[in-house]
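Numbering (the working numbering), first residue to last: 65 to 225. First up is the structure itself, then whatever we jot down about it.
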């Protein structure tokens with residue numbers, strides 16, 4: 065399979081950057097996660113590194129089709145940025161991150177999230193989804209729930225992909 069030049073460039077850039085200690089990077093990233101992660105959508109890799117420092121880990125997530133491949137900047141502490149075509153298109157916030165996100169804490173029930181965001185626009189097996197206000201593109205929030213009904217992972221993403 066043919067790799068895109070962008071994918072190779074990002075991986076080369078990251079290998080040249082070096083790394084901080086994992087705890088140091090996680091603390092920096094966690095302190096800088098905004099209450100509304102949608103503001104991070106559209107950032108370039110350089111902007112992400114400038115804001116959060118180098119990620120603790122970088123890996124690819126393969127999709128069913130080549131155009132669905134992502135580069136993930138994992139900052140540890142439950143925070144990751146997913147990049148496609150040179151821009152952040154999805155933000156993941158999960159446990160153990162314990163700061164507020166969109167008015168509630170990861171680990172809250174779906175009812176608590178609904179009190180902050182309103183009723184979900186979509187209920188899926190194991191997940192709830194909310195439409196969020198977006199400025200340049202439609203934005204969605206998907207909350208992944210466990211068997212007890214607690215939201216353990218949040219994905220804020222561009223819905224136009």
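C-beta: ideal position from N, C-alpha, C; glycine also.
With DSSP run on the structure shown, which of helix, strand or coil describes residue 201? Taking the first residue of the chain shown as 1, we reach residue 201 at position 137. Looking at residue 201 - three-state DSSP - the assignment turns out to be coil, as it is neither helix nor strand.
Beta-carbon proximity of residue 109 to residue 137, cut-off 9 Å: Here residue 109 corresponds to residue number 45 of the chain shown, with the count starting at 1. Here residue 137 corresponds to residue number 73 of the chain shown, with the count starting at 1. Yes, the pair counts as a contact, with Cβ atoms nearer than the cut-off.
Under 7 Å Cβ to Cβ from residue 211, same chain only, skipping five residues before and after it: list those, please. Here the question's residue 211 lines up with position 147 in the chain shown. There are no such residues.
Going by the beta-carbon positions, is the gap between residue 161 and residue 190 smaller than 9 Å? As a working note, residue 161 is residue 97 in the chain shown. As a working note, residue 190 is residue 126 in the chain shown. Cβ atoms of residue 161 and residue 190: not closer than 9 Å.
Range covered by the beta strand (DSSP E) that runs through residue 154: Your numbering for residue 154 matches position 90 in the chain shown. Segment 151 to 158, the beta strand (DSSP E) holding residue 154.
What are the boundary residues of the alpha helix (DSSP H) that residue 144 is part of? One-based indexing of the chain shown puts residue 144 at position 80. Here residue 144 belongs to no alpha helix (DSSP H); instead the beta strand (DSSP E) covers 143 to 148.
Using a Cβ-Cβ cut-off of 6 Å (strictly less than) and excluding sequence neighbours within five positions of residue 151, which residues of its own chain qualify? As a position in the chain shown, residue 151 is number 87, starting the count at 1. 106.
Using the Cβ count rule (16 or more neighbours within 10 Å means buried), how would you classify residue 154? The residue given as residue 154 occupies position 90 in the chain shown. By the neighbour-count rule (16 or more Cβ atoms within 10 Å), residue 154 is buried.
Would you mind sorting residue 116 into buried or exposed? The rule is 16 or more other CB atoms within 10 Å of its CB. As a first step, residue 116 must be located in the chain shown, where it is residue number 52. Buried: at least 16 other Cβ atoms inside 10 Å.
Neighbourhood of residue 164 by C-beta distance below 7 Å, restricted to the same chain and skipping five residues each side: If you number the chain shown from 1, residue 164 lands on position 100. Within the same chain, residue 164 has close Cβ partners 99.
Beta-bridge partners of residue 188, as assigned by DSSP: By one-based count along the chain shown, residue 188 stands at place 124. Looking at the DSSP assignment, residue 188 forms a beta bridge with 191.
Between 128, 183, 195 and 213, which lies nearest to residue 219 when the distance is taken from Cα to Cα? Taking the first residue of the chain shown as position 1, residue 219 is located at position 155. Of the listed residues, the one whose Cα sits closest to residue 219 is 195.
Using the three-state DSSP reduction, which class does residue 196 fall into: helix, strand or coil? Walking along the chain shown from the start, residue 196 turns up at place 132. Three-state DSSP puts residue 196 in a strand.
Member of 185, 202 and 112 whose CA lies at the smallest distance from the CA of residue 303: Only positions 65 to 225 of the chain appear in the structure, and residue 303 is not among them; the question remains open.
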